[in-house]
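Chains as they are written, first to last, in the numbering used here: chain S, 1030 to 1523; chain V, 1030 to 1523; chain W, 1030 to 1523; chain Y, 1030 to 1523.
The next block holds one structure in the form of structure tokens; read it before the comments.
There are 4 protein chains.
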Amino acid sequence: CAFLSPQQIQFTDQKQEFNKRPTKTGRRSLSRSISQSSTDSCSSVCSDSSEDESSPKDKLQKTSKGLSDFCIKNIKQADFGRREIEMAQQEMPALMVLRKRAGGEKPLAGAKVVGCTHITAQTAVLIETLCVLGAQCRWAACNIFSTQNAVAAALAEGGISVFAWRGESEEDFWWCIDQCVGAENWQPDMILDDGGDLTHWIYKKYPSLFKKMKGIVEESVTGVYRLYQLSKAGRLCVPAMNVNDSVTKQKFDNLYCCKESILDGLKRTTDVMFGGKQVVVCGYGEVGKGCCAALKALGAVVYVTEADPICALQACMDGFRVINLSEVVRQVDVVITCTGNKNVVGREHLDRMKNGCILCNMGHSNTEIDMVSLRTADLRWEHVRPQVDHVIWPDGKRIVLLAEGRLLNLSCSTVPSFVLSITAATQALALIELYNAPEGRYKQDVYLLPKKMDEYVASLHLSTFDAHLTELSDDQAKYLGISKHGPFKPNYYR
Amino acid sequence: CAFLSPQQIQFTDQKQEFNKRPTKTGRRSLSRSISQSSTDSCSSVCSDSSEDESSPKDKLQKTSKGLSDFCIKNIKQADFGRREIEMAQQEMPALMVLRKRAGGEKPLAGAKVVGCTHITAQTAVLIETLCVLGAQCRWAACNIFSTQNAVAAALAEGGISVFAWRGESEEDFWWCIDQCVGAENWQPDMILDDGGDLTHWIYKKYPSLFKKMKGIVEESVTGVYRLYQLSKAGRLCVPAMNVNDSVTKQKFDNLYCCKESILDGLKRTTDVMFGGKQVVVCGYGEVGKGCCAALKALGAVVYVTEADPICALQACMDGFRVINLSEVVRQVDVVITCTGNKNVVGREHLDRMKNGCILCNMGHSNTEIDMVSLRTADLRWEHVRPQVDHVIWPDGKRIVLLAEGRLLNLSCSTVPSFVLSITAATQALALIELYNAPEGRYKQDVYLLPKKMDEYVASLHLSTFDAHLTELSDDQAKYLGISKHGPFKPNYYR
Amino acid sequence: CAFLSPQQIQFTDQKQEFNKRPTKTGRRSLSRSISQSSTDSCSSVCSDSSEDESSPKDKLQKTSKGLSDFCIKNIKQADFGRREIEMAQQEMPALMVLRKRAGGEKPLAGAKVVGCTHITAQTAVLIETLCVLGAQCRWAACNIFSTQNAVAAALAEGGISVFAWRGESEEDFWWCIDQCVGAENWQPDMILDDGGDLTHWIYKKYPSLFKKMKGIVEESVTGVYRLYQLSKAGRLCVPAMNVNDSVTKQKFDNLYCCKESILDGLKRTTDVMFGGKQVVVCGYGEVGKGCCAALKALGAVVYVTEADPICALQACMDGFRVINLSEVVRQVDVVITCTGNKNVVGREHLDRMKNGCILCNMGHSNTEIDMVSLRTADLRWEHVRPQVDHVIWPDGKRIVLLAEGRLLNLSCSTVPSFVLSITAATQALALIELYNAPEGRYKQDVYLLPKKMDEYVASLHLSTFDAHLTELSDDQAKYLGISKHGPFKPNYYR
Amino acid sequence: CAFLSPQQIQFTDQKQEFNKRPTKTGRRSLSRSISQSSTDSCSSVCSDSSEDESSPKDKLQKTSKGLSDFCIKNIKQADFGRREIEMAQQEMPALMVLRKRAGGEKPLAGAKVVGCTHITAQTAVLIETLCVLGAQCRWAACNIFSTQNAVAAALAEGGISVFAWRGESEEDFWWCIDQCVGAENWQPDMILDDGGDLTHWIYKKYPSLFKKMKGIVEESVTGVYRLYQLSKAGRLCVPAMNVNDSVTKQKFDNLYCCKESILDGLKRTTDVMFGGKQVVVCGYGEVGKGCCAALKALGAVVYVTEADPICALQACMDGFRVINLSEVVRQVDVVITCTGNKNVVGREHLDRMKNGCILCNMGHSNTEIDMVSLRTADLRWEHVRPQVDHVIWPDGKRIVLLAEGRLLNLSCSTVPSFVLSITAATQALALIELYNAPEGRYKQDVYLLPKKMDEYVASLHLSTFDAHLTELSDDQAKYLGISKHGPFKPNYYR
């Protein structure tokens, strides 16, 4: 296995990273941005603003039990963080069930997991679940702004070696990752990564670690894209699990979640009334389907643009006029992009929008709206609220631009813990599978979670809805030609 | 006409006022609380926090033209306030049309209007419209917390005698009203009131003003209730227009607005995912119908409780199970009250709710949930976010209580300008009608706006939706037995 | 009391009668046409085609108990008719409850009711309920085509003096009515009428009967219109109950029923696929609201035309584009009228419709589409299916016209028993009220059913949905200022 | 290539054939049963009842041009049939576009196609399109009851050798097929089959024909199943196209079509009112999703049963309670099966249903309801309407059973031409592809239509909805890494 040279997969800062287009279908991982919103929403209660400004690296802190193998902002916040974690536990039933079911068995007994994710109440529930299942964990943050300091404190107080605080410098960022990987007497068996930076670091600095490693679990679009590149280039040294593309996760991140967050994001930023508004949704994939359904339900008149004739036909049958953007751009009140493509809304459209038109992106990265064309000398920008700018034409016309064209749902709405629970449970199962798989089951390749596990994750979440599955009889299973415990559908079922 | 003695209609502080139950059907005026949300939402841009703390009463301020007949926080904020007003104008098409249509005619030429409303960008559009139509105005705030200081500055700079600032003391409050009413050389023709305090003050201090007055326009439930009491007691001295009960306003304030604000209010406070949630909505009047429709559309499983068999049958036909609260209270994730009644959710229900159940009131005042029963020694309260409290049972069960049982949509969501536009246009038309009505058309009684005006207000808002009315032919009008310009429906049409 | 002279209210044949516009709001009674559809649907099982063609008037028939005071087609069909009645009973819970509750009491004990309605399984349940409640009944058909002969046989066999058969001549029609009214030793206390023909006959031939009569219950729009005319003219001799305008009946006949029957009527006649179809609905009253909701739900793109700005604004808020018919008539696939007006669709629109456009009327009578303009020499008609004609333009364009412009839901879809149950229960209660009311409660005027009875009818139907009403506590009722047993809402509540 | 021996794939009569379960996922082809419904609906106009009863085989008939190479009921009906075909053409835009686009090119020039499908107006449009594209066709019916005789006459009159009439005997059936295949001087290039009988006959009697054949196009579940069996057994002698499993066809046949036909089927048979009805839908695949969406939209309270946890979670998120059938079977008004499984509703459930419960199958074959358990001595059956039986328990309880447990939408509702258009266009394209494919592109295997063709079929149907596709720019296509003409989505996209 030839190790990747550093220049081949370069570290990219957050901005650039979001600009990269990872896969054809433009899928997105919501979980990447959870913490921002989560912390926003409790900011009034748990403000970090009054904290001292010394670097955590310069402070010696100890837990109540005397441990000090961690580096966080302030161990004294542990109690508050613990309560946040407890609240999140209530919304993450699957992980709690895994804890119970594991019982004496401990499917991760002896496993050493190094992780790099957002440090939030929800990921804390995941990390502590891994520990309950038998794993030893060392953890860093995958984003310099997203760490909930109180949660990090609670994790540390609970005995986990966590290295993360909000507002890390770039240098801090890599230092934290290095503390996790390069600890003495610590040879990680598995990587749990979100974005690929941890994986990248090990490729770059500790390639020999891969020799004894059981695998990588990666949840982000970006990270998965990197893994497929490695695989294609013949440089993937261990099996990798792509948890981003499981059915359950996809439907939740795209269809169900966007259905709710388009309303939430628009309301929080603009207080717009939906009833009677004319809206054009560019793209009728899963995200577009969710947006259209929600807006139609609340009384908006929705138009759709599509390039794919099958999706266009679905839009027709679902009751939406399918038009070219230029046909309606003069009359609509809101323009929403969710194509996964670039420059879907260009200056030629922007010039024709009516005064007060709201413009936002639910699709992918920040490419869908041609932002460059809005940064010209003739247009004036006015920042009117957080995440809301007015772009003003010479004649006084104002376009209301949300989140500067970045993803609305990541910037302006929150992600429910329940959605994160699905991702987290999938990650935990992927780790268990990799750790326990007989040798040879997984090669040095990127795998999708087996269908059956996808179904298992779904089943773990049914209790939230008090939903009761029907069990097939032996006869029925035989008639269908399947096992009575699944998998129940072909792989392509969506 | 016998004047009301002060002790008969007493001044009530805001808290008590909201506790009073005004009418049988529990209708509510949204506009009463606009400013809170409006100012919240732009607070990050236009913060008052850094302002000096001297009382406006102690400062001498002048407009750029040298005028000084006003009392506000800071005349220097006028530019910023002007922009807010301009933004609101875009969402208030009806008033702008009235300005245009008035043209040379000036239907309020010579009218002297004294007003007492929230001082916000939206009411500023109304006040300035009255001026364009020919009126002279003096204005005070109806709420000590709701004034947008920058807007007040812009009004003053524009030449209107406004007396209002955020954070008035109770003494200030009455002082401001008195400045409006008791000015020298000023004999108001009409009152525009929101809550009845201005009317009350004139009854109490300047009863002789009623002799030459053309009438009162009142929009709040509370104020209307007071007027009907006066009328009943034979003490109403001038005609009064109840603009609260027009069809258009009712549908907007109750059905359409609540349909949107229940989602908004729940999301902003709890980030709850709606899909699959079990929700019980108590009451299936207009508000309940709006809440149920929105929640069902977003994938919640909705139950309804009702006392009225006709509404219950409507709920059935609309696809909701109609049950007693006690039948489902153990299993539901969210409880929403909108009955207009009191103690709809009592301790016996609260004791049986499940851990994490969200509880809120969309109906009326703060009476629907028995708050007293939650203020007992055995229950612990934890304030977790603005407008969100956890009430904790001895066994650790937490109920998530929103806005302490007060109206969710007034506390935790915003009201679109478009809704306020309907109210404002109705108020303007009511003033025009009272001012121009031939003597004898209106007695000393409380009147509903004539159906035709209600239809006119509706028609003024159709351009927002680019909606085109069909005009009846002479033949068709004759066939229907109506005028081709309306009114088109019987008065009871809803 | 002056009796109406025959020439003032003339007998009109069915065709003309349906052409008359009864009330401003264009409300319709569905029940008028029930029997057609009901009998259609079981025609394959219970065909009358093989029956002998002798007139029932010429045959002497006797029941199994030897009774012969009736005149029907064939007493031998009684068993089959009885089963139809039993099936209908299951869907008419309210009447069955009334039977039970009456118990020993018999609120109609001694009452003599003469009736003239459709003779169908559903009305049979009503008639027999009146008997169980203590009344003696004589009954004729209100329509010469709608009698279910087997049901008439079962009624006769059960001892009721019924005079009706399918395919009566006009002469037979009046003969049957006369048999009911003019029987020896029979002085009716009350009239139950549907269409006003029975009432008319008594006015014309037996005016003296009114002297001792307690009142008239009338359910049809037409009949109610006649009663109001009589009242206006000072010629109404007894109290009359208008059961057509109760809230419950209105909502069921218009909103809920049309919501279902628009889909049913279009499918049965044209097999049209709704998904993606562009539809214009003329009129957004209750009927239009129902049609729009159903079509939108099934994936149609729906446009609305409206003359009333309030309804237009409701359409906007509900997510429909409000346009003039001429704006979309070229592009739509289906045109539906429900305005209650005449010539809403004229030749100028018809000329511009596209090939294959489907045209139907859900609103009122047969006036909404200008049928005269379609009966010109240049257009060719082709009858393609029952209730479906193609009107063919010289260039080959075909318009698909349903039910020749008459009401689609009366002609091409069925009315569920449950809807009829509401009407029937209301009629029964109206009779009970009139029979038991203390003298003086009702004058010689037309009355709406008291709100409380409307609520009672609704409550009797809740068991069908297993719906459980919430009972107000004494405290709550006091707080609301109402009785805890209702009425719960103001009269104008819809 | 070894030919299949007759005993390996036996001829099965229609009844048995429908009993066989073809594939795991239980997909169904709607087109198999079109003709029944289509002919039903125009039966009153074009009745065959008065036709003579001589066998077509015994009659010599000639077209107006003197041709006689066909065998049908009555050539005189050709005019009427032609009109039916013309009406169908309007709803089948894709085939008409293919005719136009072909123009001079004639992609099937010289092709000889032998076909065996239903003979209906819609298939006639297909057959004649193949001729316009250059093919010579001989055609037989795939079902002894489904032929529209007038349409067959029109085809014959148009010069096509068609052998089919309604009411063929089994012997006639094979005779007709044989006339198509075994004609002198006729060597078919391709087979278009629906059900596999034609293919079977050639395997059995004319195996040598396969030597020069370009392939088979098969649209039915059953036929496709047989082809896969042949392929598995190594006995498939030519390439075969499975047009049953294209995305477009699947979505239309299952999701969109069932969404409409569940309402239609229930209304036509039972006149049930949907509002407020409690319904349980067994299975939440595409068919179940369609049924649930439609019923919910019309006001039913819908419960879902599921065995697959992913589908169960989707049902939860879409707002349906997921329960075991036994939990709700006592209370529901309607039970609908769409699992693709057998004995989903067993006697233990049937015994507990309430009086009047409606029971029907939308899923697969006639296996989902345990019909055997209803054919016991203690239960009485009463046939009350076409396709409606009452099954009566000893205590008088009646279950309303529709279509004796066979597919409701095939028995009791119609299939819109538009849906058939999609199938027909797919069939035509599959023939063109097979006929023009360079040698070697297709082996002796079963193929799905290439994704791109699936998209092409979809695009041909967009004009019906006046839908306008957005074309990707070169830049955008490059960004997405796809061709700007598609395919646009991965193969598993649904």
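Cβ coordinates follow ideal geometry from the N, Cα and C atoms, glycine included.
Small disclaimer: the values here were computed from a predicted structure and weren't measured.
Beta-carbon to beta-carbon, V:Tyr-1464 and V:Asn-1271 are separated by about 17 angstroms, too far to satisfy the 8 angstroms threshold.
Closer than 9 angstroms at the C-beta level to chain W, one finds these residues of the segment 1369-1387 of chain V: Gly-1369, Asn-1370, Lys-1371, Asn-1372 and Val-1373. Check the Cα spacing between Y:Thr-1298 and each of Y:Leu-1284, Y:Tyr-1471, Y:Ile-1387 and Y:Leu-1403: the tightest is with Y:Ile-1387. Y:Ile-1206 carries a helical assignment under DSSP once its states are collapsed to helix, strand and coil.
For W:Tyr-1257, the three-state secondary structure derived from DSSP is helix. According to the DSSP secondary-structure assignment, V:Trp-1410 is paired through a beta bridge with V:Val-1420. Under the Cβ criterion of 8 angstroms, Y:Cys-1345 is counted among the residues facing chain V.
With a 10 Å radius around the Cβ and a threshold of 16 neighbouring Cβ atoms, V:Asp-1418 comes out buried. Among the residues facing chain V, Y:Val-1358 is not included, as its CB has no counterpart in that chain under 8 angstroms away. For Y:Ala-1107, the CB contacts under 6 angstroms within the same chain, skipping 5 residues up- and downstream, are Ala-1182, Ala-1183 and Glu-1186 in chain order. Note: Y:Ala-1170 is bridge-paired with Y:Thr-1146 in the DSSP secondary-structure output. Using a Cβ-Cβ cut-off of 8 angstroms, Y:Ala-1329 counts as an interface residue toward chain V, since at least one Cβ of chain V sits closer than that to its own.
In this model, V:Tyr-1508 and W:Leu-1403 are separated by some 21 angstroms (Cα to Cα). The beta carbon of W:Leu-1292 is closer than 6 angstroms to those of Ala-1323 in its chain, skipping five residues each way along the sequence.
Closest option to W:Glu-1200, judged by alpha-carbon separation, among W:Glu-1397, W:Cys-1367, W:Asp-1504 and W:Trp-1230: W:Trp-1230. At the C-beta level, W:Tyr-1313 and W:Gln-1279 stay beyond 8 angstroms of one another. Between S:Glu-1335 and Y:Leu-1498, the C-beta spacing is below 8 angstroms.
Apart from the 5 residues on each side of it in sequence, S:Val-1330 sits with its Cβ closer than 8 angstroms to the Cβ of Gly-1305, Lys-1306, Gln-1307 and Val-1308 in its chain, given in chain order.
Judged by pairs of C-beta atoms under 8 angstroms, the segment 1490-1497 of chain V touches the segment 1120-1128 of chain V, as three or more such pairs exist. A direct Cα-Cα distance of roughly 6 angstroms separates W:Lys-1480 from W:Pro-1516. For W:Asn-1271, the enclosing beta strand (DSSP E) starts and ends at 1269-1271. Contact of V:Phe-1109 with chain S is not assigned, every C-beta pair being separated by 8 angstroms or more. Contact between the segment 1253-1273 of chain Y and the segment 1362-1369 of chain Y is absent, with fewer than three C-beta pairs closer than 8 angstroms. By the beta-carbon neighbour count (other beta carbons within 10 angstroms, threshold 16), W:Ser-1190 is buried.
Closest option to V:Gly-1110, judged by alpha-carbon separation, among V:Tyr-1254, V:Thr-1149 and V:Gly-1510: V:Thr-1149. Counting every other CB atom within 10 Å of its CB across the protein chains shown gives W:Val-1401 a total below 16, marking it as exposed. With a threshold of 8 angstroms between beta carbons, S:Lys-1325 makes contact with chain W.
Residue V:Leu-1221 holds the alpha-carbon nearest to the alpha-carbon of V:Ala-1164 among V:Asp-1207, V:Ala-1170, V:Leu-1221 and V:Met-1391. When Cβ pairs closer than 8 angstroms are counted between the two stretches, the segment 1211-1219 of chain S is seen to touch the segment 1130-1148 of chain S, the count reaching three or more.
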